[in-house]
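A.B. asks: Our numbering numbers the first residue of the sequence shown as 10 and each following residue consecutively.
A virtual CB, placed ideally from N, CA and C, is assigned to each residue, including glycine.
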Amino acid sequence: GQDQENRIPTNSIKELFSDKQYIPLIGSAGSGKSTIIKYLFLNAIDSKFKIPIKIELRYLNDFDGSVVEYIKENIFKLSKLASNDRIVERLMKSGNFVFFLDGYDEITSSRKERITKQIDDLVKLYNKNCYVLTTRPYTEIEMLPLFHNYEVCELSDDDINQFIRKQIPATESELIDKIIEAINNPENRSYKSFLSNPLLLSMFILTFQSYSSIPQKRSAFYSQVFDALFSVHDSMSKLAFVREKQSGLSKEQIIELMELFSFLSYFEEKFIFTSTYLNGKLDSIKEKKKHIKFDNQKLISDLQVAIGIINQDGTEYTFPHRSLQEYFAALYISSLSETNKEKVYTKIIDSLTNDRGFRMNSKDNFHLLLSELDEEGVIKYALVPFLESFKRKLQLTKMTYKTIIERFVQLETFYSSFFPVLKEDGLMKQNHLFSEKFREYHPRKKGENVGSKEWEAKSEKAREKLAINDIKPFLEGFKQKIEDKVIELNTYLELRNKSDNDIISLI
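1. What's the gap between the Cα of S75 and the Cα of I60?
2. Tell me whether Q233 sits in a helix, a strand or coil according to DSSP, three-state version.
3. Using a Cβ-Cβ cut-off of 7 Å (strictly less than) and excluding sequence neighbours within five positions of D479, which residues of its own chain qualify?
4. Helix, strand or coil for I189, going by three-state DSSP, please let me know.
5. Less than 6 Å between C-beta atoms, sequence neighbours within five positions excluded: which residues of the same chain meet that for I414?
6. Classify M267: buried if its beta carbon has 16 or more other beta carbons within 10 angstroms, exposed otherwise.
7. Would you tell me roughly how many angstroms separate the C-alpha atoms of D236 and L379, rounded to the nearest one?
8. Alpha carbon to alpha carbon, how far is S211 from T117?
9. If you measure between the beta carbons of M437 and Y424, is that distance less than 9 Å?
10. Under DSSP, the beta strand (DSSP E) around Q321 begins and ends at which residues?
11. Measuring CB to CB, does K307 end up less than 9 Å from Q255?
12. Give the range of the beta strand (DSSP E) segment to which F106 is assigned.
13. Could you tell me which whole beta strand (DSSP E) segments of length 3 or greater appear in the region 25-101?
14. Cα separation between D114 and K175?
15. Does DSSP classify L345 as helix, strand or coil?
16. Which value, in whole angstroms, describes the spacing of the CA atoms of D168 and I177?
17. For K295 and N158, I'd like the C-alpha separation in whole angstroms.
18. Who are the near neighbours of F172 in its chain, counting only those whose CB is closer than 8 Å to its CB and skipping five residues on each side?
19. Let me make sure I understand the geometry here. Which of P429, Q404, L431 has the alpha-carbon closest to that of G486?
20. As a quick exercise: from E492, I54, E351, N105, pick the residue whose alpha carbon is nearest that of R401.
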């Protein structure tokens, strides 16, 4: 858990295993799983806890035998820890080892079931040893009955400050203070969510040294991250940290490719990419964009190694953080022609108003970036058409109470998604008031059977009352606000257009 009281320290492997034997460590890309394992491995040696043995599970994809055979052949015999099977067997039964099984998510799907069963056999057969298993979330780790799951915590505010002090030499105390001050500034609160990931925090430190202030716009931050990754890696290549770029593409071309790939994958709701998916998308991009020529493998190597904008995690690829995919997708939309923008924004509006269709994950960040990068497009093709159509279809006298509730939810979702441009939070506040009203109409009684038919019927009655008594009059009154907002947005567009015409007439 993320709460302070649920945090379990990992500074002593002895403490960690004081009351348990099997620990699965679950964490997303960049959360620090491998770093924790390296630390625990060394700690096991230093504290003479047990003999640590690390097994990278991806190597089992190409191994024909079982997990136990792999350990015996490739670790004990190869490292000359023991020469014959009898001794190996006795050693493994002794319980003097701690096994680190690293990267459960890196096992290919065709072998997953078999290897999972073999891991289960291993821990049951040699049950005096300790075991740590690392994996990304959403793998079938639950299939292992003996394991109780632990998640890698996000960095707390205090951790973030310590992390910065450890990343930057103490001689640079002024820089350290500036970064800590910038991060703790209340105006930058929206960054906190992605600065609690060690990988992204490292990126932030990297950009800070090049740009020294946090941009007010989130889109500018992502642009800085990419610039810093691109140029800092270049300057480090002299120190042989990074190979030269192999694809031969310019920075602008690589950005264009990132935009195209991000746009396609984001709208297909793909956030983890298999090698086949990634190659397939790059092939179709090459087919459509004849002016960019590249070799897939060389480009993937550049994205991964020379720039670091794509991570390989097991057999799959991901962005270091999903928000980078959202940034490039929004950047692509902002560069489209007017006709194409109209098509895309229509799809985005549908996604917000149609529960059955494609629902964007964590929309707020994507819409915030769109509003920053393409304010005019957002107003012209998303806000004005949606609001006009909403008002036109709002025939409250003919609507059922269920439709009235649906319409309010649609409107509230829309206003909160595009808050940076609409600058209206009345609906969000209203939503809280309606929730309180609903509880008033439908109080929970002690010992009541929640979910029973009787309870459901009461709940439905309360919803109807809320829709007719409260939501309906609110929407009736809000019609005028919608009309005013449309006029305000159209006036804003006309003024922008006029000021551009005035400038052009000066030449």
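C.D. replies: Result, derived from the coordinates:
1. Looking up residue 75 in the sequence shown gives position 66. Looking up residue 60 in the sequence shown gives position 51. Taking the straight line from one Cα to the other gives about 22 Å.
2. Position 224 of the sequence shown, counted from the start, is the residue given in the question as residue 233. It is helical.
3. Here residue 479 refers to the residue found at position 470 when the sequence shown is read from its first residue. Contacts found: F443, K446.
4. Taking the sequence shown and counting its residues from 1, one reaches residue 189 at position 180. The answer is helix: DSSP assigns I189 an H, G or I state.
5. Against the sequence shown, residue 414 aligns to sequence position 405. Closer than 6 Å at Cβ, skipping near neighbours: A476.
6. Residue mapping note: residue 267 aligns to position 258 of the sequence shown, counting from 1. Buried is the call here.
7. Working through the sequence shown from its first residue, we reach residue 236 at position 227. Working through the sequence shown from its first residue, we reach residue 379 at position 370. Roughly 20 Å between the two C-alpha positions.
8. Counting from one through the sequence shown, the residue named residue 211 turns up at place 202. Counting from one through the sequence shown, the residue named residue 117 turns up at place 108. So the alpha carbons of these two residues sit roughly 30 Å apart.
9. The residue you call residue 437 lines up with position 428 of the sequence shown. The residue you call residue 424 lines up with position 415 of the sequence shown. Yes; because the gap between Cβ atoms is below 9 Å, this pair is in contact.
10. As a position in the sequence shown, residue 321 is number 312, starting the count at 1. Segment 320-322, the beta strand (DSSP E) holding Q321.
11. As a first step, residue 307 must be located in the sequence shown, where it is residue number 298. As a first step, residue 255 must be located in the sequence shown, where it is residue number 246. In this structure, Q255 lies closer than 9 Å to K307 by Cβ.
12. Here the question's residue 106 lines up with position 97 in the sequence shown. Unbroken beta strand (DSSP E) run through F106: 106-111.
13. 31-35, 60-65
14. Position 105 of the sequence shown, counted from the start, is the residue given in the question as residue 114. Position 166 of the sequence shown, counted from the start, is the residue given in the question as residue 175. Roughly 30 Å separates the two Cα atoms.
15. Taking the first residue of the sequence shown as 1, we reach residue 345 at position 336. L345 falls in the coil class under three-state DSSP.
16. In the sequence shown, the residue the question calls residue 168 occupies position 159. In the sequence shown, the residue the question calls residue 177 occupies position 168. Cα to Cα, the separation comes out at about 14 Å.
17. As a working mapping, residue 295 is identified with position 286 in the sequence shown. As a working mapping, residue 158 is identified with position 149 in the sequence shown. Rounded to the nearest angstrom, the two C-alpha atoms are 43 Å apart.
18. As a first step, residue 172 must be located in the sequence shown, where it is residue number 163. Around F172: L164, P207, L210.
19. Numbered from 1 along the sequence shown, position 477 holds the residue referred to as residue 486. Among P429, Q404, L431, the Cα nearest to that of G486 belongs to Q404.
20. Reading the sequence shown from its first residue, position 392 is the one you call residue 401. Looking at the Cα atoms, E492 is the closest of the given residues.
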